[in-house]
Amino acid sequence: MGSESSAKQFAEAGADLSLVGVSKRFPGFTAIDDLTLKVPAGSFFALLGPSGCGKTTTLRLVAGLEEPTEGKILIGEKDVTDTKAYQRPVNTVFQSYALFPHMTIFENVLFGLKRRKIRDADKLATDALALVELAHVAHRKPAQLSGGQQQRVALARAVVNRPALLLLDEPLGALDLKLRRQMQLELKDIQSEVGLTFLHVTHDQEEAMTMADTVAVMNEGRIEQMGAPEELYESPKTVFVATFLGQSNLFVGTVSGSGSEVITVSASGNELRVPVERAVAHRGEVTVGIRPEKVSLHVTKPTLTASQTMIGPGHVTDASFSGVSTQYLVEVPGLGEITVFAQNMSRGDHARLGDEVYLSWDIEHAFGLADAPPPSARFVSDTDTASVAVQEREKLEAELGEF
Ligand SMILES: Nc1ncnc2c1ncn2[C@@H]1O[C@H](COP(=O)(O)OP(=O)(O)OP(=O)(O)O)[C@@H](O)[C@H]1O
Ligand SMILES: [Mg+2]
Numbered sequence: 006m007g008s009e010s011s012a013k014q015f016a017e018a019g020a021d022l023s024l025v026g027v028s029k030r031f032p033g034f035t036a037i038d039d040l041t042l043k044v045p046a047g048s049f050f051a052l053l054g055p056s057g058c059g060k061t062t063t064l065r066l067v068a069g070l071e072e073p074t075e076g077k078i079l080i081g082e083k084d085v086t087d088t089k090a091y092q093r094p095v096n097t098v099f100q101s102y103a104l105f106p107h108m109t110i111f112e113n114v115l116f117g118l119k120r121r122k123i124r125d126a127d128k129l130a131t132d133a134l135a136l137v138e139l140a141h142v143a144h145r146k147p148a149q150l151s152g153g154q155q156q157r158v159a160l161a162r163a164v165v166n167r168p169a170l171l172l173l174d175e176p177l178g179a180l181d182l183k184l185r186r187q188m189q190l191e192l193k194d195i196q197s198e199v200g201l202t203f204l205h206v207t208h209d210q211e212e213a214m215t216m217a218d219t220v221a222v223m224n225e226g227r228i229e230q231m232g233a234p235e236e237l238y239e240s241p242k243t244v245f246v247a248t249f250l251g252q253s254n255l256f257v258g259t260v261s262g263s264g265s266e267v268i269t270v271s272a273s274g275n276e277l278r279v280p281v282e283r284a285v286a287h288r289g290e291v292t293v294g295i296r297p298e299k300v301s302l303h304v305t306k307p308t309l310t311a312s313q314t315m316i317g318p319g320h321v322t323d324a325s326f327s328g329v330s331t332q333y334l335v336e337v338p339g340l341g342e343i344t345v346f347a348q349n350m351s352r353g354d355h356a357r358l359g360d361e362v363y364l365s366w367d368i369e370h371a372f373g374l375a376d377a378p379p380p381s382a383r384f385v386s387d388t389d390t391a392s393v394a395v396q397e398r399e400k401l402e403a404e405l406g407e408f
């Protein structure tokens, strides 16, 4: 990594970013809907959401490439809403890094500095390359580097301008999985070393969780929930967050009792309890959620403590062993298919396909949501392209079998 002094020079540039009530409407379509968020100086903030939810549009608004229909954008304490892109202390790394192929790595990093006639440009470029540990390939051309190295050059080129805010739009999207994981750690290291404010856009939940201090989950132009990765995972507030970030077992029921500490939700004859403070809604219809790794599997009916919930019996419809853990699917009448992750060293029992089992969990891990999963979620559509392809193949095989 770069020298202490160069890392500090970068650090001075970090600034807060605030979006206040920002909306962006294209003709006939609202891409961003009343977005308010604050990214504190020096933090690593991830905007996570599915394709088309408005992530790139948000970055383009911050960069000044797009004008908001409503709302304000502040960098540091300064309102930049009406300023031009080049006047903003912002740099962007896009998914395609767009290095100049005919220039050396060093010239690529130097290019913007030269064009803006910055003094000491050579030293700044050298420092930036040292920061991403690529000083030794400075004389090469981009084609002579690996994808991950090219990505680091793009990063050096973005930080060399000392932006207050670095915007990263799916910057690792072009890399294979292993390189992607490695670059995630490196990017995080570089960010904590230079202290810049990073706004990172991704649709990869694992990427957002491993890198960011704060994750904002975006859906259809709105932020559904924002917080530390653990907080979002342990206490999702909507069905979308509960299913987009990891897996959740969800049961829709009706509140049948409420005390000062727990509410009871009846779902198909099962009494599911949820801590009051972990439930978004406390009356009427409530969706109870439990993560698969929080569920224990039993081959005989367990004796419960007051702090546990049990359901069953059900039947194991699938058991797949993956080394460190086994994933079970258990069909419980009325509740549907429940996913259980059992660590191989865990206290819970092991079961085989078709076995009758009971499931239990600590009440403190359950969460309650005000919205319900879309009705189709439980069934795989038989008209999607994958299953149509399977049906076609089966038809063909049947025909061939007749000869
Ligand atoms: N210039 C435009 N005119 C009309 N609609 C647009 C325009 N730009 C974007 N949109 C729409 O706004 C929505 C958000 O687009 P955006 O590019 O921000 O999505 P995204 O979250 O970055 O998705 P992805 O993960 O696929 O990159 C999309 O439905 C898109 O079609
Ligand atoms: Mg995008």
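Just so we're aligned, residue 6 is where the sequence shown starts under the working numbering, counting upward by one. C-beta atoms are modelled at their ideal positions from N, C-alpha and C, and glycine is treated no differently. Predicted model only: the values in this text are computed from it and were never measured.
Between the C-alpha atoms of residue 310 and residue 325 there is a straight-line separation of about 29 angstroms. Within the same chain, and ignoring the five residues on either side of residue 177 in sequence, the residues whose Cβ sits closer than 6 angstroms to its Cβ are 185, 188. If you draw a straight line from the Cα of residue 140 to the Cα of residue 131, it is about 7 angstroms long. Here the C-alpha atom of residue 95 lies approximately 15 angstroms from the C-alpha atom of residue 199. With a threshold of 7 angstroms, the Cβ atom of residue 74 does not count as near ligand 2, since no heavy atom of the ligand is closer than that. In chain order, 302, 303, 304 place their CB closer than 7 angstroms to the CB of residue 354, counting only its own chain and leaving out the 5 sequence neighbours on each side. Annotation: residue 89 is outside any alpha helix (DSSP H) and is labelled neither H nor E by DSSP. Under the Cβ criterion (8 angstroms, minimum of three pairs), the stretch 68–78 does not count as touching the stretch 215–222. Judged by the Cβ position, residue 209 fails to qualify as a neighbour of ligand 2 at the 7 angstroms threshold, every heavy atom of the ligand being at least this far. Collapsing the DSSP output to three states places residue 295 in a strand. Across the structure, residue 231 and residue 45 are spaced so that their CA atoms are roughly 13 angstroms apart. If you look at residue 117, you'll find it in the alpha helix (DSSP H) that goes 110–120. The closest heavy atom of ligand 2 lies 7 angstroms or more from the beta carbon of residue 39. Unbroken alpha helix (DSSP H) runs of no fewer than 4 residues, entirely contained in the stretch 253–284, are not found. Contiguous beta strand (DSSP E) elements confined to the stretch 103–185 occur at 170–174, taking only those with 3 or more residues.
For residue 31, the CB falls within less than 7 angstroms of some heavy atom of ligand 1. In terms of Cβ geometry, residue 291 and residue 366 do not form a close pair [threshold 8 angstroms]. Under the DSSP assignment, residue 30 falls in the beta strand (DSSP E) whose first and last residues are 22–31. Per DSSP, residue 322 is one residue of the beta strand (DSSP E) stretching across 313–326. For residue 248, the enclosing alpha helix (DSSP H) stretches over residues 244–249.
For residue 62, the enclosing alpha helix (DSSP H) covers residues 60–68. Placement of the Cβ of residue 54 at a distance of less than 7 angstroms from at least one heavy atom of ligand 1 is found. Residue range 34–44 is occupied by the beta strand (DSSP E) that includes residue 41. In this structure, the C-beta of residue 34 approaches ligand 1 to less than 7 angstroms from one of its heavy atoms. In the DSSP assignment, the residues bridged to residue 98 are 173. Membership of residue 331 in the beta strand (DSSP E) is indicated by the continuous run 330–337. Rounded to whole angstroms, residue 163 and residue 97 show a C-alpha spacing of 7 angstroms.
Residue state for residue 206 is assigned as strand, using DSSP reduced to three classes. For residue 53, the uninterrupted beta strand (DSSP E) run begins and ends at 49–53, by DSSP. Per DSSP, reduced to three states, the secondary structure at residue 219 is strand. Residue 349 and residue 333 have their C-alpha atoms some 12 angstroms from each other.
A residue is called buried when at least 16 other Cβ atoms come within 10 angstroms of its Cβ; residue 328 does not meet this threshold and is exposed. Residue 340 and residue 375 have their alpha carbons spaced roughly 18 angstroms apart. With distances taken between CA atoms, residue 80 lies nearest to 170 out of 90, 170, 153.
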